[in-house]
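Residue numbering for the sequence shown follows full-length UniProt numbering, starting at 1 and increasing by one per position.
Just so it is clear, CB atoms sit at the ideal spot from N, CA and C, and this is done for glycine as well.
Note sheet for the following structure.
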Amino acid sequence: MSDQIFAFGLGIGTQNKEGNWLEVFYSAPSIDVEKSTLDALLESTNYEGGNSTLVLDDSDLNRLHMSLLKAGNIEQAELASRLKASSQPIVLCILATDEAPTNPAEVYLKLQLISHRLIKPHGTVLDGMFGLLINTAWTSEGPIDVRELADRQLTARMQGRTIEVFSVDKFPKMANFVVPSGIRIGNAARIRLGAHLGEGTTVMHEGFCNFNAGTLGNSMVEGRISAGVVVGEGSDLGAGCSTMGTLSGGGNIIIGIGEKCLVGANAGIGIGLGDRCTVEAGLYVTAGQKILVRDSNGEPVATVKARELSGKSDLLFIRNSETGAVECRTNKTAIALNEELHAHN
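This is the structure we're talking about:
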């Protein structure tokens, strides 16, 4: 066995009537766990190596508390002790290696690693995760298997209560699991668990951020960050704009936005942007779109498909007000860009 494991978390889980996990809340997940903590997990629980999900009882938590104290991991030791008071099942999820998840507890650990900023988007394997998650009603009484919702609602009404349903989805909102430091969110329901919001990010009320996506620093988000899209430091998404993610028509293409970019109001991108790029308001740039490239003097350089400009820096995408054609204006690096484009002809 390796002397280090990829990640682990002590969590509080919710199960349906069949005993399947609906979700697991990890308040302090850890990555790149050192040998002393790994030894503590091995000696105090039934963990025998590999990727494993265990349910712990009070005696397990007592042993784990003492072993973690001996290992010098005070934070996790105190958490193990505190969780003894829980009326809900306590889950220990250990990921020895970063592989495709095999159960919901592993999925939730990985999503929370991203939202806790311990891992950046695309920093962990999430293949097959949708098939592992149960469609869940996220309610005022916690998560409920949607197949069990009607019965729970009836019981609540008979007791004089009303269960409010906030959403029906495989994903909860991030803020019910973690609120990272230094951010503002206008509407928490529009940020899914697994989003990565960098320090200094503001998401306005109509802004949206999907899982395995987000910002890396200061950003003003008034548009949509689709699944898989990463927005660099100092870039802003205008009101109503859209980024095409892997779940919204972009296939397997990873769309990213570099630093100090602006995607204007009601604009959109189906290609990646390098640094210091601007897409004018109302313009949607798709990968197959023909674009006339002009230099800083307005002289034509080439006509290319937009995908050939993907990831390049210092570009301004506009629509010609007279012809309606989509054009791209560049700064003084247009000559180098021209040579690169023609090299692929």
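Of the listed residues the options, nearest to residue i (C-alpha basis)
i, options, result
"Gly-49", "Ala-100, Ala-96, Ser-115", "Ala-96"
"Gly-324", "Gly-282, Pro-143, Ala-302", "Gly-282"
"Asp-98", "Leu-309, Asp-60, Phe-8", "Phe-8"
"Ile-94", "His-122, Ser-313, Thr-102", "Thr-102"
"Ser-36", "Met-66, Leu-309, Lys-120", "Met-66"
"Asn-297", "Ser-181, Arg-329, Leu-54", "Arg-329"
"Val-301", "Ile-291, Pro-143, Asp-314", "Ile-291"
"Asn-16", "Asp-127, Leu-69, Leu-149, Lys-84", "Leu-149"
"His-116", "Phe-177, Glu-299, Leu-92, Ser-59", "Phe-177"
"Gly-72", "Val-33, Asp-314, Leu-56, Leu-237", "Val-33"
"Gly-11", "Val-203, Gly-214, Leu-56", "Leu-56"
Beta-carbon proximity of residue i to residue j, cut-off 8 Å
i, j, result
"Leu-273", "Gly-258", "yes"
"Phe-317", "Val-279", "yes"
"Thr-243", "Val-221", "no"
"Thr-45", "Leu-92", "yes"
Inter-residue Cα distance where the pair is residue i and residue j
i, j, result
"Arg-152", "Val-107", "26 Å"
"Gly-286", "Ile-271", "Note on residue identity: the sequence assigns Thr, not Gly, to residue 286. Roughly 6 Å separates the two Cα atoms."
"Gly-250", "Gly-19", "Low confidence applies to Gly-250: its pLDDT is 46, below 50, so where it sits in the model is not reliable enough to give any reading."
"Ile-31", "Ile-5", "8 Å"
"residue 353", "Leu-109", "Since the first residue of the chain shown is 1 and the last is 345, residue 353 is not available in this structure."
"Ser-248", "Glu-233", "Only weak support is given to the placement of Ser-248: the predicted model assigns it a pLDDT of 48, under 50, and the value that follows is read from those uncertain coordinates. Straight-line Cα distance between these residues: approximately 24 Å."
"Ile-90", "Phe-171", "21 Å"
"residue 358", "Ile-191", "Residue 358 is absent from the model: the chain starts at 1 and stops at 345."
"Ala-213", "Arg-224", "11 Å"
"Ala-40", "Leu-64", "7 Å"
"Gly-131", "Arg-147", "17 Å"
"Gln-76", "Asp-60", "14 Å"
"Ser-219", "Asp-58", "44 Å"
Run of the beta strand (DSSP E) containing residue i, from where it starts to where it stops
i, result
"Arg-329", "326-330"
"Leu-79", "Per DSSP, Leu-79 belongs to no beta strand (DSSP E); it is in the alpha helix (DSSP H), 74-82."
"Lys-290", "290-294"
"Ala-302", "300-305"
"Gly-214", "213-215"
Residue i - containing alpha helix (DSSP H), residue span
i, result
"Val-107", "104-115"
"Asp-32", "Note, Asp-32: premise wrong, no alpha helix (DSSP H); beta strand (DSSP E) at 30-33."
"Arg-152", "149-158"
"Arg-63", "58-71"
Local conformation of residue i per DSSP, three classes
i, result
"His-122", "coil"
"Asp-98", "coil"
"Glu-164", "coil"
"Glu-199", "coil"
"Glu-18", "coil"
"Asp-39", "helix"
"Glu-171", "Checking the sequence, you will find Phe at residue 171 rather than Glu. Three-state result, Phe-171: coil."
Any chain B beta carbon closer than 8 Å to residue i
i, result
"Ile-191", "Protein chain content of the structure displayed is limited to a single chain, and chain B is not contained in it."
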